[in-house]
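First the structure, in the form of structure tokens, and then the observations on it.
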């Protein structure tokens, strides 16, 4: 006996169907009116009645519309407040498109699938919808654990009560929420909407456990991703046809129907690219390179001023900032046909001689080489440049506890005073000049002797009260230095250390490494064996990765190349405590179109 509530629910299908048509952009009743005889029953066509049940807001109506009308879900509909709707069954009678889409062929059997939507309220009487059903699709939401619990406590017992012989298919809806950014979804929803919490998202194992207990197949779908819709209803049709085959065994075309097939693994959408936060580059203090002038740990040049004052310096800094110093050191090294690891280790014998009374007490010894330096006091440079008097090779035994090493001793002209000369050296190291320098004219004189025209221009700007123009000079100075440093790195010019790597070796410069990396500063500036040797073995490192690290330390830029393995570079940069380089490498991998270009 049919109850009044069941009849009212059936009558409500047509009324609520108009609302679902407008909500899902479906063809309206007035668009295409069909005669009742168009919904005909063709021979050898199996009509399948599929009832879809489940809690409210689990996605039943959306799943039906996706199959019956090929409806897609917009972002607005996904995030809008849920309005209970029921898809009208009379759409098969009034809409030609829905009727055509109901016809399908499954395992060589022609079928006409008729989908019945139901209310999700537990107190509703659905016996009219269950009547003469061939298969029941039981839905729950993977974002609502209560809906899965109601499958066992409410829905499955109701199905077995009203249609005990109908097969059941368990379907987990809203699969896309498992891989969605829940924070973004909750922000886009209505203010009073209940937020979706990550711990509420059900894994697929939960649905499989319930399906195994009930002895029914399990599938997952997503209307947003258009995933699993066809698999669900094709296997629901198979279940209905197999159940019908037991009763209508004389139908030979039903013999080829297979059991419900397992669902193909879901391919999750490509996750959004990771947000690579590149930290600020390490602030290189201008005093750090300048402090090297006061340290003798890695000095390879000793500048003698006024016969008694010695200033420690470094070839790589002087040569890349001053063309005069570059020519001087290249001229000294040019006597050797090929540059060895340490160009100053060319002497065959070293006869100690006293440079000055103070230098002897400080541990500096002069040497006569194999004819390269000529006289005991070295090569005379007075005719070559007004800034220098002579250059010779010496042995430096400072600081105490360090191994003695060979250095170039350059005697400056007697007109060069220590104070202004230190200001000139500070400019050659940092590219800056203190506006409060008391002896600006002396600085300009020394700059003219050394042909450092940028420094002479900066002095003129300060004297003319146009010191603001010196910022552009400093910027251009660093650009030129970076280019010269790259050239020295590529050719190995003025190198004082060689890194032995897995696939070869590469020459480097200790002063630049000490200024750019704390790890290198501890190794070369401390009382370690590497501070006094010319070869350092770094295992598990390739030449491409080490070259990228050296270029980054020298210039502050990172350039990718075809021979560069990003993973090896990240490992090496992490070993050297360079987080900024690690982030830049990750950024280069994230944006491969930047390959070959410097990344700042």
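Numbering (full-length UniProt numbering), first residue to last: 1 to 600.
Even glycine gets a Cβ: it sits at the ideal position worked out from N, Cα and C.
Small disclaimer: the values here were computed from a predicted structure and weren't measured.
Handout entry: CA nearest to the CA of residue 155, picked from 55, 91, 259, 184
Key = 55
Problem - Span separating the alpha-carbon of residue 380 from that of residue 582 - result: 49 Å
Problem - Distance CB(residue 329)-CB(residue 450) smaller than 9 Å - result: No, Cβ-Cβ distance for residue 329 and residue 450 is not below 9 Å.
Exercise for the section: Check whether the Cβ atoms of residue 163 and residue 222 sit closer than 9 Å, and answer yes or no. Expected result: no
Practice task
Figure out for me which residue from 192, 114, 67, 108 has the closest Cα to the Cα of residue 89.
Solution key: Ranking the options by Cα distance to residue 89, first place goes to 114.
Exercise for the section: Grab me the residues of residue 225's own chain with a C-beta within less than 6 Å of its C-beta, minus the 5 sequence neighbours each way, in chain order. Expected result: 176
Problem - Residue of 111, 317, 270, 482 minimising C-alpha distance to residue 254 - result: When only C-alpha atoms are compared, the closest one is 111.
Problem - Supposed close pair residue 233, residue 62 - CB separation, criterion 8 Å - result: Actually they are not in contact, since the Cβ atoms of residue 233 and residue 62 sit about 14 Å apart, beyond 8 Å.
Handout entry: Residue range of the alpha helix (DSSP H) that includes residue 205
Key = Annotation: the continuous alpha helix (DSSP H) that includes residue 205 extends over 204-214.
Problem - Environment of residue 584 [buried if 16+ CB atoms lie within 10 Å] - result: buried
Handout entry: Minimum C-alpha distance to residue 474 - residue among 432, 505, 507
Key = 432
Practice task
Compute the distance between the beta-carbons of residue 511 and residue 292, then report whether it is under 9 Å.
Solution key: yes
Practice task
Kindly indicate which three-state DSSP category residue 250 falls into: helix, strand or coil?
Solution key: coil
Handout entry: Backbone CA spacing between residue 242 and residue 258 [nearest angstrom]
Key = 8 Å
Exercise for the section: State the Cα-Cα distance for the pair residue 572 and residue 495, rounded to the nearest angstrom. Expected result: 21 Å
Problem - Between the CA atoms of residue 554 and residue 350 - distance to the nearest angstrom - result: In this predicted model, residue 350 has a pLDDT of only 28, less than 50, meaning its place in the structure is not dependable enough to derive any value.
Practice task
Out of 86, 312, 525, point me to the one whose CA is closest to residue 118's CA.
Solution key: 86
Problem - Cutoff 6 Å; reference residue 544; Cβ partners in own chain excluding five residues on either side - result: 563, 564
Practice task
Give every residue of the same chain whose Cβ lies closer than 8 Å to the Cβ of residue 132, excluding the five residues on either side of it in the sequence, and list them in chain order.
Solution key: 49
Exercise for the section: Have a look at the DSSP bridge pairing and note the partners of residue 505. Expected result: According to DSSP, which records beta bridges pairwise, residue 505 is partnered with 500.
Exercise for the section: On the DSSP bridge assignment, give the partners of residue 388 in chain order. Expected result: 412
Handout entry: Bridge partner(s) assigned by DSSP for residue 310
Key = Residue 310 is bridged to 304.
Exercise for the section: Measure the CB-CB distance between residue 456 and residue 447 and report whether it falls below 9 Å. Expected result: yes
Practice task
Could you tell me which residues DSSP puts in a beta bridge with residue 49?
Solution key: 114
Practice task
Let me know if residue 537 comes out buried or exposed under the rule of 16 or more other beta-carbons within 10 Å of its beta-carbon.
Solution key: exposed
Exercise for the section: Spatial neighbours of residue 508 within its chain, please: CB distance less than 7 Å, with the 5 preceding and 5 following residues excluded, ordered by chain position. Expected result: 495, 497, 499, 550
Exercise for the section: Rounded to whole angstroms, what's the CA-CA distance from residue 403 to residue 481? Just pull it up for me. Expected result: 31 Å
Problem - Beta-bridge pairing of residue 173 - partner residues as DSSP gives them - result: 141
Exercise for the section: State the DSSP-derived secondary structure class of residue 234, mapped to helix, strand or coil. Expected result: helix
Exercise for the section: Express the C-alpha separation of residue 561 and residue 25 in angstroms, rounding to a whole number. Expected result: Only weak support exists for where residue 25 lies, its pLDDT of 44 falling under 50; the value from the coordinates is given anyway. Their backbone Cα atoms lie some 52 Å apart in a straight line.
Problem - Inter-residue spacing [alpha-carbon to alpha-carbon] between residue 102 and residue 275 - result: The alpha-carbon atoms of residue 102 and residue 275 are separated by roughly 45 Å.
Problem - Three-state secondary structure assigned by DSSP to residue 185 - result: helix
Exercise for the section: Give me the Cα-Cα distance between residue 60 and residue 53, rounded to the nearest whole angstrom. Expected result: 7 Å
Exercise for the section: Any chance you could list the alpha helix (DSSP H) runs of at least 4 consecutive residues sitting entirely within the segment 518-591, in chain order? Expected result: 518-525, 543-555, 566-575, 579-590
Problem - Alpha carbon of residue 58 to alpha carbon of residue 139, nearest angstrom - result: Distance from the CA of residue 58 to the CA of residue 139, rounded to the nearest whole angstrom, comes to 7 Å.
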